[in-house]
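Going by my numbering, the residue at position 98 of the sequence shown is 98; the numbering climbs one at a time, nothing skipped. Before any comments, here is the structure.
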Amino acid sequence: MTSPVPAPPRPLWPSGCALLIRTDFSNGRSWDALCEGVRTPSEDDFLATVDIVDDEAYRGLTATQLRGLLPNPYGGGPYFFFVADADAVSAAGHPLLVVPVPYPEPEYAYLNETPRAAFRVVVARLWSVENNLSLANMDWAEFADSVDEDGVFRGF
């Protein structure tokens, strides 16, 4: 007898705010701590606006696979999402992966010419990345160029 083929993951739909997609389900306590960090305001009372996607259907998916589940063309922004993968769930500071989504609008096509490489952000600084990229107060490069040697943004 063969085992059934798992159903493909459901498409991801923009909700008007950045998605935080859980792909690692190895440690429930660590996941709870990560979520508590997301919900904790900064010392200046800033808070990330994210829609947490906590669904086993996305277990083990890569950033590229997740990006492929977004509508094409992707409209409605923001043009990035966060991934709570094994590194984010298990490592100190919960360094979430920040993944760019291409801009579909012709007037912003030039922003896709320079590759926006994914980087990580500790959960305590998630608000800074999400708030500033969502409002276009800062651009991708300002954060990506400010990561530590290990590729994690911990603040300016």
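We treat Cβ as the ideally placed atom computed from N, Cα and C, and that holds for glycine.
In the three-state reduction of the DSSP assignment, Val38 falls in the helix class.
Close CB contacts of Leu111 within its chain, under the 7 Å cut and outside five residues either way in sequence, are with Tyr103 (chain order). Where Phe119 is concerned, the enclosing beta strand (DSSP E) starts and stops at Phe119 to Val121. Beta-bridge pairing by DSSP links Leu20 to Ile52 and Phe82.
Residue burial annotation: Pro41 is exposed, with fewer than 16 other C-beta atoms found within 10 angstroms of its C-beta. Residue environment analysis places Trp13 among the exposed positions, since fewer than 16 neighbouring C-beta atoms fall within 10 angstroms of its C-beta.
When Arg10, Val101 and Gly93 are compared, the shortest CA-CA separation from Gly37 is found for Gly93. DSSP places Val147 in no alpha helix (DSSP H); its state is neither H nor E.
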